[in-house]
Each structure stands twice: as structure tokens, then as C-alpha cells.
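> Take this structure, written in C-alpha cells, and hold onto it; I'll ask about it next.
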Amino acid sequence: MTDTGRGSPYAPHTAAETRSMLDAVGVDDEEALFDVPNSIRFDGQFGIDARSESATRREARRTLARNDDLVSFLGRGHYAHEIPSVVADLASRSEFLTSYTQYQPEVAQGFLQALFEYQSMLVELTGLEIANCSMHDRATALGEAATLATRVRETAGSTVLVPDLVREEQRAVLENYARGGDLSIATVPTDDGTVDIDALEGIIDEEVVMVYAENPTVRGTIEEGLETIGDLAAAHDALFCLGSDPVALALLEEPASVGADVVVGDAGTLGLGQAYGMGHGLFATREDFLRQVPGRLVGASTDQSGRRAYTLTLQTREQHIRRERATSNICTNQAWVALRTAMHVAWLGPDGLLELAEDCVRNARELAARVDEIDGLHAPVHDRHHFREFVVATDQPADAIRDRLAKEGFAVHAVDEHRLQLCVTDANEHATDRLVAALREVA
Amino acid sequence: MTDTGRGSPYAPHTAAETRSMLDAVGVDDEEALFDVPNSIRFDGQFGIDARSESATRREARRTLARNDDLVSFLGRGHYAHEIPSVVADLASRSEFLTSYTQYQPEVAQGFLQALFEYQSMLVELTGLEIANCSMHDRATALGEAATLATRVRETAGSTVLVPDLVREEQRAVLENYARGGDLSIATVPTDDGTVDIDALEGIIDEEVVMVYAENPTVRGTIEEGLETIGDLAAAHDALFCLGSDPVALALLEEPASVGADVVVGDAGTLGLGQAYGMGHGLFATREDFLRQVPGRLVGASTDQSGRRAYTLTLQTREQHIRRERATSNICTNQAWVALRTAMHVAWLGPDGLLELAEDCVRNARELAARVDEIDGLHAPVHDRHHFREFVVATDQPADAIRDRLAKEGFAVHAVDEHRLQLCVTDANEHATDRLVAALREVA
Amino acid sequence: AYEPLLVEKREAAVSPGDSEDAPLPDDLTRDSLSLPALAEPELARHYTRLSQETYGVTSGPFPLGSCTMKYNPPLLEDVAADPSAAVHPDRPVETIQGTLEVMATLQDWLGRIGGMDAVTLQPPAGAAGEYTGLLIAKAYHEDHGNDRDEVIIPDSAHGTNFASAAMAGFDVVELPSAEDGRVDMDALEAAVGDSTAALMLTNPNTLGLFERDIEAIAEIVHDAGGLLYYDGANLNALLGRARPGDMGFDVMHYNVHKTFATPHGGGGPGAGPVGVVSDLAPYLPEPHVRETADSDYELYEPERTVGKVHGFHGNWLVLLKAYAYIRRLGDAGLSDASAKAVLNANYLAEQIDLEIPYGPFHHEFVASAGDRDAIDVAKHMLDFGVHPPTTKWPELVSEALMTEPTEVESKETLDQLAAAFEAASAADAADLDDAPRRTTARRIDQVEAARNPRLSWHAFDGPE
Amino acid sequence: AYEPLLVEKREAAVSPGDSEDAPLPDDLTRDSLSLPALAEPELARHYTRLSQETYGVTSGPFPLGSCTMKYNPPLLEDVAADPSAAVHPDRPVETIQGTLEVMATLQDWLGRIGGMDAVTLQPPAGAAGEYTGLLIAKAYHEDHGNDRDEVIIPDSAHGTNFASAAMAGFDVVELPSAEDGRVDMDALEAAVGDSTAALMLTNPNTLGLFERDIEAIAEIVHDAGGLLYYDGANLNALLGRARPGDMGFDVMHYNVHKTFATPHGGGGPGAGPVGVVSDLAPYLPEPHVRETADSDYELYEPERTVGKVHGFHGNWLVLLKAYAYIRRLGDAGLSDASAKAVLNANYLAEQIDLEIPYGPFHHEFVASAGDRDAIDVAKHMLDFGVHPPTTKWPELVSEALMTEPTEVESKETLDQLAAAFEAASAADAADLDDAPRRTTARRIDQVEAARNPRLSWHAFDGPE
């Protein structure tokens, strides 16, 4: 391991072995093996210095230390829940971490079973019959839902309805999918933080291929008219796509029971934690759409000795076989994050998961009440039930409060000039007393 | 996982399962199974609150954060070398971490082979034929060497000779071993940081059962008269026990070549890092003493199908079989640390290990020269070659300099009123410029 | 040993409405939820066993062609596990300068490595990178008033190329390969035209062959007004020897989970950063990271941005690992990685007797199983303790065994692989039919899996 | 699969004197050094395979009597991996207040759990704890002018008790067990006297039986002027139900790697803290940790200290793990651990047909393999995927199978264990002789290993 700057520390070749391999191949050196015209030969000088392992670790740590140490009360689609130590320990086992997509199922039964279990948990949580192994993230899952809608809807149409409260970044991703699929996006207004059902009724028509709603919404409000939305979508032969996450799904109305055809969301909400927006796209749908589902599916089968075995299945939907007629271009997905999600759900169990979800309601309610008592702050702004987060009206400019809180060690979101948003989970509830005290100072 | 304060989170029993198990046993509740007189029954109230997993982690982190964040230039028998990430990753694999002493070798071949490889590396490094799986630490290994001496020496005698420069803590441990074994400790003076050979010649007699020396010494000096010490010991039928560590052994004179009969030391110097003095005792000796070696030994054998296999061997030396006539009381040792040491040695390879060792000489020499240029500091105090560390004479009181350096973020050792000691390895050499700058300020 | 499903060990149901202090009214909550209910020690055993039934790079050679299954250093995991890296995407930029510095540095390094002027890190996978690149090409042509709706793709290209082109709204024009396995220049001349938005190319291609005429290819495509897209799947063949930018490519993606050693994780997450020449830089996804005059970092919206391809900033933790890998290796390490990857492929090819119709190849080669079924040979290779190569693809070679050993294999493991190739391809029909025999599961019935889809444990609720 | 030794994969030699810029003169350096020379990917595969050939608690049931192989939560590893915990032992105490607070808290908790007045954390293992306790007893008696050189130990005690007593310079007086498997009171009366320094006792004893007469035992020993030593190996049976201090014990050790879930690590490191009643507190090893008046922590030398039993402060990282475990469980968790440990032992015993001569037992029982060799039965149990119990000990039971399932086993795994017991003990002679068959290695020749000791790879240098 004395090779810093001399070669790859991960190539095991001794000089003698390299020599004998070159001899076997019949060339003088490795350069002779590169069939590259001289006109485009590169001299190898990227100008990137090598570092020893410890120096690499130290430099990365020093650089990352430029991130301020803040307790985050941020949410809006990327949530932090406490990850049990055992999840990181098991997921980091190198057989899981370094394996490939399971194209040789006979030596990948472990990972396949774990993904099958992941799918099963999401089937249970959504009430739908099919969940895939993962999409890139919630936004791309939403995009895939829209293209699924165009494939499965019986009549033509080109409109996707989206509430005005969806994160603009997610909508931006959807817009790119829509552009490729010749779809257009139309906006459904909200009323006090949830979908304005009357307005939706006015907008929806036969052009609509999909209606999207979220529960909870990006403002933490809980939708109360999901069944109506589902009925409206069904009445117009439009898919009803619901955005959620595995914690909320444990408590809130089951998507299948309100007529959802597709559920999307960030399943990395369990198992991964804060990762600058990295997560993995939950994608569940109805059995009817089996041949149109994007993404990988693990199925049960039997092996030659008659025992139950797992394998990737229905691969004829996928790009490596169907190419431009595939249901999606997705190849590398977020399998390892799905593994972590499954481990976290399993660790919580039904009791633990439900309790975690209930605390998302209780803690938000309690924190809102405490914030509301502070002069200059009014919470929650929306007269709804909330999950994890809520909006706070501020007398002072919201930006100023946010910046002063950052100095006190807290990260909160400024929605607009006079509104903040606060998100509380098991990962930051221990700091709520300090947050309230700081808010009292700066509001 | 919602059971904080309700029971053990690691006992999987549901209420129904507990009930059915109690029924099978034929009792009403678990309490009925405790055959404890009422007079000494305890009510279970220790007054220790339970914590959730995340709260436990948070509390421990908060408590440990009371340790100041200092770059350590401390050594004196407990050394820090950079641990490759792969060592922690592999050693933490649960099969290694949670396994037991290998009393069922058929399902412990992996750990046994790793220990066999550890033994082999220490055999190579010491030049002696036998190395055991580990003692508790360097000090207990030294104690065990002394009791070995009493068992293997042909004539009676009761004196162990130890240089005056040995850490007093190590000597204190040895003294307890000596007391139990009816031995007494006598001191050999040193001359400018290494054993005073003339003085040793004057002291040694037939009463001496063992002569101990260190290379490098606790002051970082490299002994130059080891062969003479070995000859003197041999001439008086005394064992020659040498203290060292696996890094130093890669470069300095091979113990076997200078007549050492036993080598002790902290092998955790590689593989473990700073751990408040935790490490593991290296213990190597000559083949002649095979039946008298303390501690566990892994040997090669064959299994029923004729293939090479590993097993603990020569267990008749050990306490669980020989009881009060055992070669030692050691049972639980430091096997997992030995595993880490072997991994670290293997990661370094011969080139890497030698380079690391050579840098221990070069870096100490270079730092001493730089320190010597600072007004008020003189280094090295001893006119010897040094390994990792050296003593610095100070004009100002050493304590004051040490305390001011702590405020600047550095931990150094004050030897006495006007002497400091500095230790430099690959783990802190990146901070030597800053240390020198700080010394310039405070010296 | 057979490991039961989690629910088969213990399951329990809860009903949100049941508790006294239910925090929500009944009509807003679900009726019940039934999930596995195991204690931590039971989970630890379950997943430990599942891991042991999974073949990873640490299990042995993993020579999947075009997948670049190189060793994933735990160093990268340690770097990514730094608690300071766990930030929320809505944090104000002035509070996450560390994250932004890593991203800006990685952008810079990838640019140097690919010979590109600007790089976005947002695409979360290689296919997402292709899609991003094509969105950029589309926007560029639209901006220049060109109505170009065709993307040309060689028949030997990765399936994602075709699917990504379709997703971005393009028609695919498939380009047949020439007899030497490379681009057929006449066919290319015939295919390009006013509708050509881009040509997508892998170089070296999936046969491991360098497209020697790449400069001429670039000229043809550029002359027709099209752009050249580089699929970075095979970049591990060329590090330090040739850069897509220098070859004439306008857009490229990098697979950091291939070239830069971030773990594949059983199928992901990866990351598919996209590099572009300066003309295309205004089209990169937003937000983009850049250094400010005073050495801070900021996010901004590129002038003509194509918008977003990920809801946040891509797979940050994966990017961080790639950053650590590139820093660890530096110039010499990266160049050596390619040297040894190419040497290994050539050495391995030399050790096996199977026909390899095309060459000279670089980091991978495609052997033919001849009159054997490539899948049978692959399954039987499993019995020798190695992972087999990719099978039956590319179709240019019959019964293809597409083999990429990467630089992390030693002469010893290459010899082991070669022995497995030889033994499996020399086995008799009965042995091949019966393979694999030494794996956790024997040969799995794919037809049954597809005909009678059982995609969750709910499928086992009834009598099995 | 057979895994070669590291040196059998690749070895290289270096000679310190060879380099141009050798930092030391030749006569101070060794001649040469020959070690394995492998790259990291090769090491990762080597040790991954070795780990998979090792049975741990995460592999399945591990019912070794008196060893308390309970589940080791990764939480503990995370806590111990905190970089703030990595301090040097020579750091001034004011710079390591966090470490000292953890130690002081753990001392306090262990005191409460054992009913002891003061606790030292220095002994690095259970046997080191015994030795420490006996050094304390010796110093105490010497201080009181007593010349007491005998330690009384029941014949069923752990081997370490005898060895530790010998190491501390005592003569051992072995106490035969009564017919009921407990201390023979008459024999005890006969054994105690002016020479009695201490009686060492495990309670429940190695048969799992509680010494019901413990108060009378204490009276006898105390009346004779001796001290009572408690071997904490079986403490997992009694948490929250009975405390050694309340039973009359004066000194005890705790095995944190048994009772408090720190991992065994293939044989260590553990930790063996020692608790004492207040009269003995002045004799504890130095340095000892205590809280100061202003809530800081300091190290001091107990007035009549026995000195040191470890070169520094014991196995700090192990102690830190034990601290985290106790904090996680708290009163209710600790009590429940014992309740379930005892229930599990009784339930398992109920499920197997073998004779269990002594009872009522607590967390462990000793079954007899009857006319079978206990080792054969144990080896055959391996074939059923479980770890067997401790064999042939204690000798009070012929062909003993000493079984301690701990609280972490579920009804399901206990049933699995019971099935393995039944199948193995019912197997015919041929099957037993041939066992194990499904393990990495078959039955290993112990005689060969001892007769022809090959203790390093150097033994294979010549022709094997």
C-alpha cells in the first residue's frame, strides 16, 4: 500500500506478474494494447493529485466540515427519521453493497428475496398489487406514472393535472417527462393547503390522462377529499396518482381504498436519512398494468429442485430487451436504498411504524401549538390536520428569522415573505425545546 | 421497536409466545422460575432509565463530546497509526465480531485461519517459533513472561531485571505477577536513554530469571546493545524478554537474532488505533517452551476428509483443563484485536510496513531537528537513534508548555519539570507544521 | 439453507383507529396494516443469511461485460458516512459550502477526465445521463431553429440508448455494424441528414473495439448538423489514453458506479453525470454548482437550462464516493486502472480457447460459446465459484459471452476464471442442463415466474 | 470452499538495509522480512470468505453454557466508533472528561446492578477480574495481619477460578458438591478455617442452580474470617432478581461480554470489572475514577491500592459498549433479559428428551447425552445448522451438554435447537462418528494438531 501516486492501489499486479501477462499477450507494454490513433491520444495529465488513503479521508472530512452544523427542521419531500444502527451494519455487508443487478438469480437469492420483501411491504402499505424495486426518486417516479398513464388509458388525451402546491422541482422533472411523451401539465388550485375539489371538478375533462395529488402535501397538510378525487379521475378514465411516503402510508388512508391507480413517493424516507435529496422512488400500481409497469420486478418461481426461488421477471418490459419500446429507460435503479428501506420497516414492525407515523401527527400538532404561543408567530397557517410539518405565519420577514435561526444552529424553510415551514420527526424532536426558545428570541 | 422501558428490545418474545412457553414449562409467570429466597430477593429497581436507540446514541455522543478535540503527539507505549477503512469494515463483519472462542473448530475455520495467520506474522516479525493468539496487553504479556521464566528455568532464582525507563504502569502490573509468583523486581539503570550495559553486567547473577529490555524504549530511543544483553542473560540461564511492537519489529534488529527468548509488546499498535490504552498483548517465544506457553495457540491439522484444517491446540496448558496448574489464567483474550492487527499487517504488506517503520525514524528525526531550532527547546535530549518519539528539553516549565499547547489543540507529554516528549506517526504527521508553529509561540 | 420470508417468521397487524388517543379521525386513517414483526436479533440473522446468499465483488471475479464490476473500497463508504455529509437539500447554500465544494471539484475533475467543458452531476444513473444529454441536444437544436427528431444508434449499443432516445421524444435510427464490428461508415453517411439530432456511440464499443474512425465519424455527424453523444459505460478502457472531448464528442455521460468504483448495490444507486462542450453548457440542468469570485460556491440556473432530471441534486452520497475515489487515485492511478483493465481482458482472452471474433479489444471482449448455449455455459461457470460474463449480447457474436474482468483481478483470479470458462464450455450436455448445482438455488424457472407472476408475499396467502 | 493462506496467494520479502536512504545503520536493523503481499481487493475477498466460514451469533442459536452468547447490537459498535472516544491514555484528565464520565457512570451502574459499593473497570477479562478480586482479598488480609493462603473453590467452578487463585499466590482447596449439585455445607464447614482467604462461588452455579443456602454459606465463611467472591459469569440469570451484594458477597466480577452484550470477538476482548463492598474499596486498582464536587471527573489512587492489573485503563472500547447497552435497556430491560433467559432455558429443557439430573435451573441447564459421547452429539448438532452447547463439563453430569440459550432466542429458534438436540442424540453410531458433514471442515484431528504442532505458516515451508 505504498503506491500512492504510482498506480491504482486496487490493481493487484506486481511488476513480475504484469511482465508475465504482457508476455502471454505478446506485447511489450500495456500501451501497445490501446488501439487509439495518435491524433487523439491523451497524455494522461489530468492534473489530479493522488492522495494516500488517510489523506483522502482527512481532506474529505475537512471539506465537508465547511457544512455548518445545524439541526434541521426542514422537510418538504425529503425527510429524516432515525436510522437504527443495525440497518447500516447489515446493508453495508459487502455481498449486498457490491453485487450487481440480479441477472444470475442463482447466486443472488439473498438480494432478490430482500427486494421481494421490499415490494411486498409496499404492496401492503399502498393496498395496490404491484410495487417495483425502485425508481430514481419521487420526481422520476411521478414522471414514469405520467407515461404509464398514456400507455394504459383507453382513449387519447394529453393533460396531467397537478396541484399548485407540488414542489416546483418535482414538477420540473415531470415536465421533462411530459415533453418527451407529448403531454402537457395543468394546475389544480388548492384551498387552504389541500386540493380544491370544486375547482378540480371544473377543470377535469376527457383530455386528462392522470390526476396527481399528495398526501400529506408538501406543506404537511392531510388531504380530506382523496376518495372524491379518485372518483373524479375514474369517471374520466384518468389515472389517479397519489404521492406519499412509507411512514405516512402506515397511518393515512390506504391509497387503494381511495381509488389510487399509482402511488409514488420517496421510500428512502425510511432507511436512508438526510442525503441532500437522494432517496428512492416508490412506485406501486394495479395488477391490470402489470405489462406496462416501469422498472424492475422480482417474482417468485421455483428452481430445478422444486424449491421456491426468486428472480427478476417480466423483463420484456425493460430497455435491455425492448429497447426503444421499453416501458422506461431505467436500468440502474436505487436497489440498495430499497434494501435499507425494507430493513428499516422490518425493524420498526407494524407497531413501531404506526407509532412513528402517529408521532408525526402529534409532534407537529404540539410544536405548532407551542409556536403559536410565541408573539409574532401564528401556526398552523392551514386549518388542516398535519403530518410532520406545518406552515407558520410571521410578523417579521421570514428570511430574517430563518437567517437568525441559522446562526443559532437551526435550519428552517422560508416559504415566502411572511411564512416559515417547520418539520418535526423523531430525528429532531429532541431539539424542539431549543428551537422554541430560539424562535422566542428571534421572532 | 416501541419497547423502550418495557423490556429488552433484544428478546423477541411476543406476549402470546411467552404465554405458550410458560404453559409448556408449567408456570404462571417467569418469576416462578427464580429459585431465590425471599430474604435476598431484589425489587429490580436499579434506578437506571432506559433510552430509545437514538437517544442512547445521542447521549453517548454528547457525553464523549466532553473530550477535547486535540491532535495527539503522545506515545509512550500506546501508538496511533492510520487504520485503513477496509480493516474496520472486514473486522466488523458480524461472523467475526460475534463469534466465540473456537471450541467447535469445524464451524470456526475462518477465524482460526485468521488467528493462525496472525501467529505466523508475529513469528516472522520476531524470528521466534511460537506466537500465541494474544494476551490482554503488553503489561500482562510481560507478567506472563516472568512467570514463564520461573517455569522453564532450570535452576531456582527469583529476580526479574527491568530497566529504570519502563513505564511505571507496566512495572506495576509486572509487580503483581511477581508477587503471586514469589519473584522480585530489580532495576537496571539506563545511560542516555538506553540500558547501561556495564551496570547490567554488574547486577546480573544466578538469582536472575529474566532480563527485560525494550526496543524502542519508552523514550523512543533505539537500543544498541541488545546482543550483549542477550548474551549476558544466556550466560546466567536467564530468559531475555524484549518489548517491542509490530511496526518497530519490521525495521529494528530481529529479536531472535539478538537472543531474545520472549517478545512482548502491544500488537494493537497496528489495527486498533488510539483506544485509551486498550490494545492486545503480543507474546512470542521459542519452540523449546511450547508446553509452557501461556494463552491460546492455533495449530494446523487435518480433518476427516484429509484436508488442512485449523484448531486450537495444546489446550492442556490452559485453565479450563489444567485449572490451578495452567500456564496462565487467561481465558477471554483479545482475539478480535489480533484479527485487526493481522488485517492491517496484510494491508500494508512488507513494503508498506517497512516504509511505515522507516518513516517512524525519519519523521522523529526531522521533527526533533525542527524543534531543536526553536528558542528554548532542545531535541533530542538523548544522543540516540529514535523511533517515533523523542524527549525535548525545555527552558520554560514543561507543564506550562503542555497546558498551553492543549489550548492550541495539541496533546503532548510532560516527562518532568523541564522535559517534554513528542511522538510522530502517520496519524499526526500532517499536523507537525502546526505543532511546530504552536511550539514556537508557547516555548 | 432456505431462508423463510420475514412474514413467514412472524407477522402482526395493527389498526390505527384502535388506540384510545388516536391522533386523527377515523375517516383519515387506514383500516389496518399487517407487517413482519421481528426483533432485532431475528432481523440480523435474516439479513446476514440473505447477504451470504448474494454474490458480490468481494465474493470473487465478476466479469460482466460493460458493467465494470471493480472493487468498491470501504474508504469510499467511510467518506460518505461522515455525518457532515447528511444535509437537507433545502439548506441555504451558505450553510452547505462543503457539499458544494465537493460537487464543484467533482465537476471539474470529470471535465478533465472526459475532456469536457462543463459537467452536471444531477442525473442519478447512466440512463438518466443519456436522457439528460438528449434533452440538451433537443433544446440546443430547438434553440437553433432545427427540427431534428432522429437519433442514430448502432445496433450493438446498450438498450438504454434506445429507450432514453424514445423517452426524450426522438425517433431511433438503428445503424448496422460493419463487418469489423465497428461503425459502418457508408451506413452512417446514409443515415445522417437534416433530421439527425445526434449519434450515440460507445467507444470502445460493446465488443471492446475502439472506433478508429472516430474523427471521421465526428466530421460526418457534425457536417450534417448533428451532435455526438458518448455513452460512458466503457470509459474504464481509456482513462488517460483518450478523452471523448478530444475525439469530437459534444455530450457524454459518466457512470461513476462503473468507472469510479462506487458500489453497484444490487442494481443501484449509481450516478450518471453529464459533460458537455462549452456550446452546450447553457443547457445543463438546474441548479448547477459553480465557484464564486471569493472561493465560495453557489447554485445558479444555467441560462437555457433543460430544467430538471432529478427532484433534488441527484445521488449525492454516490457522487461523494466518486470524488473520494478519483482523489485517491489521481492521474497515475486512473491511468493505471485502464492499463490493467485492458491488460487483464487481453490476458484472460489469451487463456481461453473460445472463439473471439472481433479485436483488437480493450477492457472487454466477446467470446462465442460456439455450439453451446451461452446461458448454459454461464450457469455452469457458477459451479466453479466465479460469476459468469454477460450472455447472449451483443448479438453480433452468436452465443456471446461478453467479458470484462476489470483491473482488480490478479493473474491468479484470471487464471481461475479461465479455468471456469474452459471447464464449463467443455462440459457435456447433461452437465450443462443440470447446472448450476453448487449454488443457493438451482436453475430457476423464468417462464413460470413470468406466466404466473407472484410479486409479493401476498401471493402466498392462499394455499401455495 | 478451501481458502489458501495469505502467503500462499502472494508473498514478498524486503530488506531494510537495501534502500539508498535507509534511515538507520545496518547493525540496528533486521536482515529481511517476508510477508504476504496482497492488494486490498484480494484481502477483502480473503477475509470475507473467512468470515463466512465462521459461526457467530448472527448465524443462528449459540447456546454455550456459562458463555452467555447473546445478540450484540450494532448500536454498541456505533457508539464505540465515535471518533471522540479515540483518546490516548496519557491525555490530561481535564481533556478527557467525556471518557471519565462514561467510566464513572458505568462504575455506578455496575455497583447498583451487583449491589456493590465500588467498582473498578480495569480488569480486561473475567479471569483478570478474578485475579484482581483475589489480589484485593490478599491485600485486605495482609492489612489485617492475617496470614491466609487458601482459596476454597467448588469442584464445579470455572477453570479460571483455580488458575487465578494460583496466579495470585493462593493454595486452592477444592470443595466437593453435595448430591443436589450445590455447595455441600458440611464440607464447607470442614474446609473453612484460619487459612481461608476466600470462597469463590458462581451463583447460580454451573448447573444453573441457585445456591439457596447462600446466606448460611456467607455466614460460615465470614465467621471464619474469609471473604466471599462472586464469579459473575452467570449474572445474566439474576438481573433484577437478586444481587451478589445482598447475598453476602464481598467481591465480584462482571463479564460485560456475557451479561452486557459486548461482542465476544472470537475470544475477546471482553472486560471484567470488579465490584467490592465498602471495606474493600481502598484496595481497588489505581487509578480509579471519581466525580469531583463540581461535577467533573478525576483519577486518583485508592489509599491501599493493589496496584495495577492492566498497563492502562482496561478495555475502554468494550466498557463503552457495555455502558451503551445498560443505558439502552434500563431497569425494565435488564430485568426482562433475565426473565426471558431463564424462561428460554426452561422451555428448551422441556422440549428435549435428554436427562437433566439437576434442577430447578435458571438460565442454563446441563443435560446428559447418556450413553452417547457428548462431543459426538455436539458435532452432529452442527449438521443441523445450530451451534451445540458446551460439552463434557461440568463433570458432575456424565457426557454433559451444558446449555444456555440466552434471552435472544425465540420460541422458533428454541424449537429448532430442540429438534437438533433430538436428532443428534437419536442418531446411530455411524452418523455420529461421521459428523459433522455439512460444515466447512469435517471432524478435525486434535491429536495430530497436538502431536505435530504446526503453529505458523512457516511449518509449511518444506514439503507438506
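Chains as they are written, first to last, in the working numbering: chain A, 2 to 444; chain B, 2 to 444; chain C, 4 to 467; chain D, 4 to 467.
Cβ atoms here follow ideal geometry from the backbone N, Cα and C, with glycine treated the same way.
(1) Please report the residue range of the beta strand (DSSP E) in which CYS1(A) lies.
(2) Classify HIS461(D) as helix, strand or coil using the three-state DSSP reduction.
(3) Below 8 Å CB to CB, which residues in the same chain sit around VAL369(C) once its five sequence neighbours on both sides are set aside?
(4) Since LEU313(A) and GLN105(A) should fall inside the 8 Å C-beta cutoff, what is the C-beta to C-beta distance between them, to a whole number of angstroms?
(5) What do you get for PRO276(C), buried or exposed, if any count of 16 or more other CB atoms within 10 angstroms of its CB means buried?
(6) Nearest-angstrom Cα distance between ASP29(C) and GLU367(A)?
(7) Please classify PHE112(A): does DSSP put it in a helix, a strand, or coil?
(8) For a cutoff of 8 Å on Cβ pairs, would you count TYR326(C) as touching chain D?
(9) How far does the beta strand (DSSP E) with MET211(B) in it reach, from first residue to last?
(10) Going along chain A, which residues have a C-beta under 7 Å from LYS343(C)?
(11) Quick one: is ASP434(B) buried, meaning 16 or more other Cβ sit within 10 Å of its Cβ, or exposed?
(12) What three-state label does DSSP hand ASN68(B) in the structure shown?
(13) Does the distance from the C-beta atom of GLU359(B) to that of ARG33(D) stay below 8 Å?
(14) Applying the criterion that 16 or more other CB atoms from any shown protein chain within 10 Å of the CB defines a buried residue, is GLU202(B) buried or exposed?
(15) To the nearest angstrom, how far is it from the Cα of HIS49(D) to the Cα of ALA92(A)?
(16) Flag this pair as yes or no: are the beta carbons of HIS281(A) and ASP138(A) separated by less than 8 Å?
(17) What's the call for HIS147(C), buried or exposed, on a 16-neighbour Cβ count within 10 Å?
(18) Beta-carbon within less than 7 Å of GLU54(A)'s beta-carbon, same chain only, minus the 5 sequence neighbours each way: which residues are those?
(19) Taking the CB atoms as reference points, tell me whether ALA432(A) and ALA415(A) lie closer together than 8 Å.
(20) Would you tell me roughly how many angstroms separate the C-alpha atoms of HIS79(A) and ASP120(D), rounded to the nearest one?
(21) For ASN39(B), is the classification buried or exposed, using 16 other Cβ atoms within 10 angstroms of its Cβ as the cut-off for buried?
(22) Can you tell me which residues form a DSSP beta bridge with LYS404(C)?
(23) Out of curiosity, what's the CA-to-CA distance linking ALA219(C) and MET188(C)?
(24) Find out if the Cβ-Cβ distance for the pair ASP152(D), PHE165(D) is shorter than 8 Å.
(25) What is the residue span of the alpha helix (DSSP H) that ILE230(B) lies within?
(26) Does chain C have any CB closer than 8 Å to the CB of ALA428(B)?
(27) Mark GLY307(B) as exposed unless 16 or more other C-beta atoms lie within 10 angstroms of its C-beta, in which case mark it buried.
(28) When DSSP labels each residue in this structure, what does ALA173(A) get in the three-state scheme?
(29) For THR328(A) versus PRO381(A), is the C-beta spacing smaller than 8 Å?
(30) Under 8 Å by Cβ, that's how I've got ALA257(B) and THR395(B) pegged, so tell me the actual separation to the nearest angstrom.
(31) For VAL153(A) versus ARG341(A), is the C-beta distance shorter than 8 Å?
(32) With the cut-off set at 8 Å, would you say ALA83(D) and LEU332(D) are in Cβ contact?
(33) Can you give me the start and stop residues for the beta strand (DSSP E) that MET255(D) sits inside?
(34) Could you check the C-alpha separation between THR102(D) and THR61(D) for me, to the nearest Å?
(35) Alpha carbons only, please: which of ALA430(C), ILE223(C), THR163(C) and GLY118(C) is nearest the one belonging to THR135(C)?
This is what the structure holds:
(1) As shown, chain A starts at 2 and ends at 444. That puts residue 1(A) outside it, with no answer to give.
(2) By one-based count along the fourth sequence, residue 461(D) stands at place 458. HIS461(D) falls in the helix class under three-state DSSP.
(3) Reading the third sequence from its first residue, position 366 is the one you call residue 369(C). If we look at VAL369(C) and ignore the five residues flanking it on each side, its Cβ neighbours are GLY68, THR209, LEU210, GLY211, ILE359, PRO360, TYR361, PRO397, LEU399, VAL400, ALA403, LEU404, MET405 and THR406.
(4) Translated into positions along the first sequence, residue 313(A) becomes position 312. Translated into positions along the first sequence, residue 105(A) becomes position 104. So it is not a contact: roughly 10 Å between Cβ atoms.
(5) Counting from one through the third sequence, the residue named residue 276(C) turns up at place 273. With 16 or more Cβ atoms within 10 Å of its Cβ, PRO276(C) is classed as buried.
(6) Translated into positions along the third sequence, residue 29(C) becomes position 26. Translated into positions along the first sequence, residue 367(A) becomes position 366. Cα-Cα distance, rounded: 20 Å.
(7) Position 111 of the first sequence, counted from the start, is the residue given in the question as residue 112(A). Three-state result, PHE112(A): helix.
(8) Along the third sequence, read from residue 1 onward, the residue named residue 326(C) stands at position 323. It does not; no Cβ of chain D falls within 8 Å.
(9) Residue mapping note: residue 211(B) aligns to position 210 of the second sequence, counting from 1. Segment 209-215, the beta strand (DSSP E) holding MET211(B).
(10) Your numbering for residue 343(C) matches position 340 in the third sequence. Per Cβ cutoff of 7 Å: SER9, ALA12 and HIS14.
(11) The residue given as residue 434(B) occupies position 433 in the second sequence. Exposed.
(12) Start at 1 with the first residue of the second sequence, and residue 68(B) comes out as number 67. Here ASN68(B) sits in strand by DSSP.
(13) Within the second sequence, the letter at position 358 stands for residue 359(B). Within the fourth sequence, the letter at position 30 stands for residue 33(D). No, the pair does not count as a contact, with Cβ atoms beyond the cut-off.
(14) Here residue 202(B) refers to the residue found at position 201 when the second sequence is read from its first residue. By the Cβ-count criterion, GLU202(B) is exposed, with fewer than 16 other Cβ atoms from all chains shown falling within 10 Å of its own Cβ.
(15) Translated into the one-based positions of the fourth sequence, residue 49(D) becomes position 46. Translated into the one-based positions of the first sequence, residue 92(A) becomes position 91. Distance between the alpha carbons of HIS49(D) and ALA92(A): 20 Å.
(16) In the first sequence, counting from the first residue as 1, residue 281(A) sits at position 280. In the first sequence, counting from the first residue as 1, residue 138(A) sits at position 137. For HIS281(A) and ASP138(A), yes; Cβs fall inside 8 Å.
(17) Position 144 of the third sequence, counted from the first residue, corresponds to residue 147(C). Per the 10 Å Cβ criterion, exposed.
(18) Position 53 of the first sequence holds residue 54(A). Excluding sequence neighbours, GLU54(A) sits near nothing in its chain.
(19) Stepping through the first sequence from its first residue, residue 432(A) is reached at position 431. Stepping through the first sequence from its first residue, residue 415(A) is reached at position 414. Against a cut-off of 8 Å, the Cβ pair of ALA415(A) and ALA432(A) comes out as no contact.
(20) Reading the first sequence from its first residue, position 78 is the one you call residue 79(A). Reading the fourth sequence from its first residue, position 117 is the one you call residue 120(D). Looking at the two C-alpha atoms, the distance is approximately 50 Å.
(21) Here residue 39(B) refers to the residue found at position 38 when the second sequence is read from its first residue. When all chains shown are included, ASN39(B) counts as exposed.
(22) Indexing the third sequence from 1 puts residue 404(C) at position 401. Note that residue 404(C) corresponds to Leu in the displayed sequence, not to Lys. Assignment of beta-bridge partners to LEU404(C) by DSSP yields ALA370(C) and THR394(C).
(23) In the third sequence, counting from the first residue as 1, residue 219(C) sits at position 216. In the third sequence, counting from the first residue as 1, residue 188(C) sits at position 185. Computed Cα separation, rounded: 9 Å.
(24) Position 149 of the fourth sequence, counted from the first residue, corresponds to residue 152(D). Position 162 of the fourth sequence, counted from the first residue, corresponds to residue 165(D). Cβ distance not < 8 Å, so ASP152(D) and PHE165(D) don't count as in contact.
(25) The residue you call residue 230(B) lines up with position 229 of the second sequence. For ILE230(B), the enclosing alpha helix (DSSP H) stretches over residues 227-236.
(26) Mapped onto the second sequence, residue 428(B) falls at position 427. No, no contact with chain C.
(27) What you label residue 307(B) is simply residue 306 of the second sequence in a count that begins at 1. Taking every protein chain shown into account, the CB of GLY307(B) has fewer than 16 other CB atoms within 10 angstroms, so this residue is exposed.
(28) Counted from its first residue, the first sequence places residue 173(A) at position 172. Helix at ALA173(A).
(29) If you number the first sequence from 1, residue 328(A) lands on position 327. If you number the first sequence from 1, residue 381(A) lands on position 380. Not in contact: THR328(A) and PRO381(A) (Cβ atoms no closer than 8 Å).
(30) Within the second sequence, the letter at position 256 stands for residue 257(B). Within the second sequence, the letter at position 394 stands for residue 395(B). Not a contact, Cβ separation roughly 40 Å.
(31) Mapped onto the first sequence, residue 153(A) falls at position 152. Mapped onto the first sequence, residue 341(A) falls at position 340. Contact: no.
(32) Indexing the fourth sequence from 1 puts residue 83(D) at position 80. Indexing the fourth sequence from 1 puts residue 332(D) at position 329. No, these two residues do not count as a Cβ contact at 8 Å.
(33) On the fourth sequence, residue 255(D) is found 252 positions in, with the first residue counted as 1. Annotation: the continuous beta strand (DSSP E) that includes MET255(D) extends over 254-256.
(34) For the purposes of this step, residue 102(D) is taken as the residue at position 99 of the fourth sequence. For the purposes of this step, residue 61(D) is taken as the residue at position 58 of the fourth sequence. About 30 Å.
(35) Stepping through the third sequence from its first residue, residue 135(C) is reached at position 132. Comparing Cα positions, the closest option is THR163(C).
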